[in-house]
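Residue numbers (our numbering): 811 to 1682.
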């Protein structure tokens, strides 16, 4: 039994560290957090010093039991979760749980941290353990308590005043406000026309262009020429100029451009979104795998330093290695005399000691290409290049600016040119997407004062001012950092929560607030202004940083926040439901109309409700208008009606009769059928559902088709299979139904074939599964996002989803293969050869409970993290 126990967060990291530390160490994983607040009111006792009621997280209790068992026999217990405040809190929670066990009194329990998973860094860390840093733990406890108090007190108010199921968060709500306010700016924006005037000319047969910057002594701003008539007047004046263009001033300057700082969590996310098209969440997941360790041929090693950091500094050893690499692979011009240093723009940067960098610059992207997934390779290459570039010399340019007179000394055009003299760091890494064009620049011919030039073309260009752009993931992360909302390690979670809660959607990679997001933001801004204020949110983060630095007591921070927040919650208990008044009167009573929100979406209704019950959809249809009599049923003589309810259109047989419990038969109108073409024939087909197709040839049991909550389906023997969009529910035959049911057994209903994968040339397909459409390539199944239609997805989009799933290392076939040995165990047991049964009896006795439990346990284990994610 190992005398030393090292506890980390992830099993991948545990596997890597075990190889470094040898047989004297047992390395176990906690699988993330081991304790959290009890999910009910009172988990934070605001009357007794904000005492927090924790419980062990159910999904990780078995891992904690294994840790406790190993710790009981170990002499030294080393707590090595990630090196940040959250990791410090996890270490403390593990220690608290172990201290509560019998026989742990007097155990040597210490904290170790390492910022890169390499053999030297790990061995140095375990040789220098320390005590748990309680200021960091208290800062994390305060953060968790604040999030809990906001969520458990503000969310119920949203349920009562807006609709059930909504949530508010301490950092989530200000982030949503950014998106909503940007949308309001776009809607309020008024486009303005403006013109620019250009001169095409040349010297020595080299053409170039100049732009009008001064007209009749007046400096021209962007909107100075506001209409075509103004431009026409200027054009006529310049076109009639008697003197040709003349160069009156030439300025030459040398310019330098310096490399960007090495990556922080924020800048890594921004650059990955811009350059690689990876979401913030996907970026962090991939970076985590590079940090925890990758098998690079005989050894598993962490390829990058810790990826949750807002520091831009590099260790002296790393800088020395990088400078040696530059000296060996580049000319001396590329190596600065002294190492460049960088200062963080983030206030109180303290999450880690270093920026994100390769653990060894000698491990080039090319040398690891065959060992990494597509996402890992792309992200590692970007980190490697930026780290190398940050220690190289600046790029040097020669810039030229020439002023050209036309029509008088008070009217000037300006031509600018730039030539890259020495590339420096740009030869390795260009920060922005448009850098390539910028570095080429526009060359000007040799110009000197007094040069007379020809007029090749004089022309104007019409422009229109543009509204501010919607946020992308990159620009939202940048704004969150600038405003001090949250911390870099939380940005991916904030963005994911906004989408999961359907407060905002990504449309063409830009965030748009939903109606729900707008209403929630307006409600919070009107009634809880301080708590969604950007400055307040940032100042609270600063206070938490002071707690982590040991400068403030966390109880005092909590008390100050809670006094004002709890008083406001009580004050707002009886406020009215939010509504957006419209500049329109009710057609029935004349009172103002308002836009409101229900659990089914936005609608317009009278403010005089309940006296006046007028309401209509946002699209303009009233309830009375969504009632069409399609005809009479030929057998029952009842009216066949087309109506619309909260879930969409449906057909109904007969009228609702007051006092009778039995409701008329109703069938949902399929989304693939155009409502405006509804007729009696189609309605009668729908009302005939469920339809009996006959008996299944193998089971001799009935096969039916019907329409349910999730659309048309086939039912057989208590199982159900969705009918693909390519099939009509009315035309499905028994043979086709049997075929679809057979496909359902392995979950492979192929909807579309997109083409071949560029790497192995195998087919990429879009399939329909139990939980919706997904992209399939070999053994990898990647679920399609809600906003991506299986009919419209491209091969490129599917490849991106498949690459993301492959990076997680999570495929359905992997789970199936794990189950196969259990399936083959039964025939062996059935044979019962007595001579072999006795020595194998003990393993079989243990195997049976596991074989019975695991098929059920596996789905639950997979489902719980999703549930937790939704709560977050």
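For every residue, glycine included, the Cβ atom is placed at its ideal position computed from N, Cα and C. In this text the structure is predicted, and so the values were computed from the model without any measurement.
If you draw a straight line from the Cα of residue 1112 to the Cα of residue 1168, it is about 9 angstroms long.
The continuous alpha helix (DSSP H) containing residue 992 extends over residues 982-998. With contact defined as three or more Cβ pairs closer than 8 angstroms, the stretch 1369-1379 and the stretch 961-972 are in contact. For residue 1054, the CB contacts under 6 angstroms within the same chain, skipping 5 residues up- and downstream, are 1262 in chain order.
With respect to residue 847, residue 831 sits apart: the two C-beta atoms are not nearer than 8 angstroms. Here the C-alpha atom of residue 953 lies approximately 55 angstroms from the C-alpha atom of residue 1451. Selection 1404, 838 and 1064 evaluated against residue 1417 yields 1404 as nearest (Cα-Cα). Here the stretch 834-845 makes no contact with the stretch 1342-1351; the two share fewer than three CB pairs at distances below 8 angstroms.
Under the three-state reduction of DSSP output, residue 910 falls in the coil class, being neither helix nor strand.
Going by DSSP, residue 1011 is part of no alpha helix (DSSP H) but of the beta strand (DSSP E) stretching over 1003-1013.
Beta-bridge analysis with DSSP links residue 1471 to no other residue. Here DSSP, grouped into helix, strand and coil, assigns residue 916 to coil.
Within the same chain, and ignoring the five residues on either side of residue 1278 in sequence, the residues whose Cβ sits closer than 7 angstroms to its Cβ are 992, 995 and 996.
The Cβ-Cβ distance between residue 986 and residue 1424 does not fall below 8 angstroms.
Burial of residue 948 is indicated by the presence of at least 16 other C-beta atoms within 10 angstroms of its C-beta. For residue 870, the number of other beta carbons within 10 angstroms of its own is at least 16, and it is reported as buried.
If you check the CB distance, residue 1210 and residue 1060 come in under 8 angstroms.
Taking 8 angstroms as the upper bound for CB-CB distance, residue 1515 and residue 1500 are in contact here, some 7 angstroms apart.
Judged by pairs of C-beta atoms under 8 angstroms, the stretch 1079-1091 touches the stretch 1286-1304, as three or more such pairs exist.
DSSP links residue 1459 through a beta bridge to 1454. For the beta strand (DSSP E) assignment, the uninterrupted runs of no fewer than 3 residues enclosed by the stretch 1006-1082 are, from N- to C-terminal side, 1016-1025 and 1056-1067.
For residue 1232, DSSP records a beta bridge to 1206. Per DSSP, the unbroken beta strand (DSSP E) holding residue 1320 starts and ends at 1320-1323.
Rounded to whole angstroms, residue 1543 and residue 1503 show a C-alpha spacing of 7 angstroms. Assigned with DSSP and collapsed to three states, residue 1269 falls in strand. Excluding five sequence positions before and after residue 1527, the CB atoms of its chain that fall closer than 8 angstroms to its own CB belong to 1506, 1509 and 1511, given in chain order. Closest option to residue 1301, judged by alpha-carbon separation, among 973, 1128, 984 and 977: 984. DSSP places residue 1366 in the uninterrupted alpha helix (DSSP H) bounded by 1364-1381.
Straight-line measurement puts the Cα of residue 1518 at about 22 angstroms from the Cα of residue 1465.
Listed as beta-bridge partners of residue 1293 by DSSP are no residues whatsoever. The criterion of a C-beta distance shorter than 8 angstroms is satisfied by residue 822 and residue 1103. Residue 1567 sits in coil when the DSSP states are folded into three classes, being neither helix nor strand. Look at residue 1225 here: in three-state DSSP terms it is strand. Proximity to residue 1399 across 1184, 1422 and 1281 peaks at 1422, based on C-alpha coordinates. Inter-segment contact for the stretch 1010-1030 and the stretch 1218-1225 is present: three or more beta-carbon pairs are separated by less than 8 angstroms. Exposed is the label assigned to residue 998, since fewer than 16 other Cβ atoms lie within 10 Å of its Cβ.
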